[in-house]
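Our numbering runs 30 ahead of the 1-based position in the sequence shown. All C-beta atoms, glycine included, are put in the ideal place defined by N, C-alpha and C. Computed from a predicted model, the values in this text were never measured in an experiment. These notes are about the structure you will find just below.
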Amino acid sequence: MTQIRTTSSGRWFMRVLWVGIAVNLLLAAGVIAAPAFMLQLNRLPPADPLLWPRFAALLLVLLSVFYMPAGIDPDRYRANAWMAVASRLVGVVFFLVFEDAVYRTLGLVDLVFFVPEVLLLTMAIRAAAALPAAPRAHTI
């Protein structure tokens, strides 16, 4: 079976995934370090206590860590790849459908990554399936 990471769309999926991880980590680091400033900078309502935005940022760091195996090897960690895509969709739905308009920007960030990730992962899987299987080395 041809690996999806060897396809052009597979390589682009991994790149987009890593950019999304970097964006998550930068946002989270800012919120952990200066939560009140980051809320104000992003025109979000103040939080009291600031523990909650900082804790949400910590959870975003942990979520991003679970994306990393798919960014390294989406063939071996195919479930992680799909969960990374699904997590972006959940963020889109949560912030765009269930939360007030003031939080829409957070949903749009997830949408910016969800659309290319789902398209690229789907294209990579289809492209890999269409290619002839690489010969396997025989072991004794």
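- Residue state for Arg35 is assigned as helix, using DSSP reduced to three classes.
- Burial is judged here by how many other beta carbons sit within 10 angstroms of a residue's own beta carbon; Val115 has at least 16 and is buried.
- If you look at Tyr107, you'll find it isn't in any alpha helix (DSSP H); DSSP assigns it neither H nor E.
- A distance below 7 Å between beta-carbons, with the five flanking residues on each side excluded, links Gln33 to the following residues of its chain, in chain order: Asp105, Ala158.
- For Leu141, the closest alpha carbon among the candidates Gly50, Val132, Leu71, Ala86 is that of Gly50.
- In the DSSP assignment, Phe144 falls within the alpha helix (DSSP H) that extends over 134 to 160.
- Per DSSP, Phe125 lies in no alpha helix (DSSP H) and is assigned neither H nor E.
- Our two residues, Phe144 and Leu119, have alpha carbons roughly 6 Å apart in a direct line.
- Contact between Glu147 and Leu47 holds, with the beta-carbon distance rounding to 6 Å and staying under 8 Å.
- Of the other Cβ atoms in all chains shown, fewer than 16 fall within 10 Å of the Cβ of Val132; this residue is therefore exposed.
- Short of 6 Å from the beta carbon of Gly137, and not among the five residues preceding or following it, lie these beta carbons of its own chain, in chain order: Val122, Phe125, Leu126.
- Separation of Ile102 and Leu71 (C-alpha to C-alpha, rounded to the nearest whole angstrom) is 33 Å.
- For Pro65, the enclosing alpha helix (DSSP H) has its first and last residue at 65 to 71.
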